[in-house]
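The next block holds one structure in the form of structure tokens; read it before the comments.
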Amino acid sequence: MKELDRLKEGLGESHVLLYKNEDRGLKCSFVKEGLVVDSFVIEDDVLAKALAEKGLNGVVEGSNFQMLRNNYDWFSLSVKTKKLYEELK
1 MKELDRLKEG LGESHVLLYK NEDRGLKCSF VKEGLVVDSF VIEDDVLAKA
51 LAEKGLNGVV EGSNFQMLRN NYDWFSLSVK TKKLYEELK
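First residue of the sequence shown? That's 1 in full-length UniProt numbering, and the numbers climb one at a time after it.
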């Protein structure tokens with residue numbers, strides 16, 4: 001999934017993740033030192049829901065951000081598993 005790869009890159013290059021629900025999906029903006037370094041829209045519902053659960057009021061920062069970054073492999077595996085389960089239903 002390209003969106004997972006882009007999410008991983010953004011987590012490595014920033015310190016804060018901002019997200020907002022839009023018509024097309026979940027818009028994510030990665031912020032480092034007050035500047036947006038990357039921004040894209042996640043159209044996959046499973047990934048968008050899982051990511052939205054990681055933050056509070058559209059913001060993933062501090063210890064939540066560090067946990068997401070450090071445990072990204074588990075997060076990614078969880079999303080892929082949920083996606084596969086949805087396809088097999």
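Glycine is no exception: its CB is placed at the ideal position from the N, C-alpha and C atoms. Note that the coordinates shown come from a computational prediction; the quantities given were computed from them, not determined experimentally.
For residue j and residue i, the rounded distance between their alpha carbons
i, j, result
"F75", "E53", "11 Å"
"D45", "L88", "16 Å"
"M1", "G10", "15 Å"
"N70", "G34", "22 Å"
"K83", "D73", "15 Å"
Cut-off 7 Å between Cβ atoms - residues of its own chain near residue i, not counting five sequence neighbours on either side
i, result
"G62", "none"
"E3", "I42, D44, L47"
Element boundaries [alpha helix (DSSP H), containing residue i]
i, result
"L23", "Note that residue 23 is Asp in the sequence shown here, rather than Leu. Premise fails: D23 is in no alpha helix (DSSP H) and is neither H nor E."
"K8", "2-13"
Residue interval of the beta strand (DSSP E) (run including residue i)
i, result
"residue 142", "Because the chain is modelled from 1 through 89, residue 142 falls outside the range shown and cannot be assessed."
Contact set for residue i: own chain, Cβ-Cβ below 8 Å, skip 5 residues either direction
i, result
"R24", "V41, E43"
"S14", "F30, V31, K32, V37, D38"
For residue j and residue i, believed in contact at Cβ under 8 Å, the rounded distance
i, j, result
"V16", "A50", "The Cβ separation is near 18 Å, so there is no contact."
Check your understanding: What are the start and end residues of each continuous alpha helix (DSSP H) run of 4 or more residues lying completely inside the stretch 49-80, in chain order?
Key -> Runs found: 62-70.
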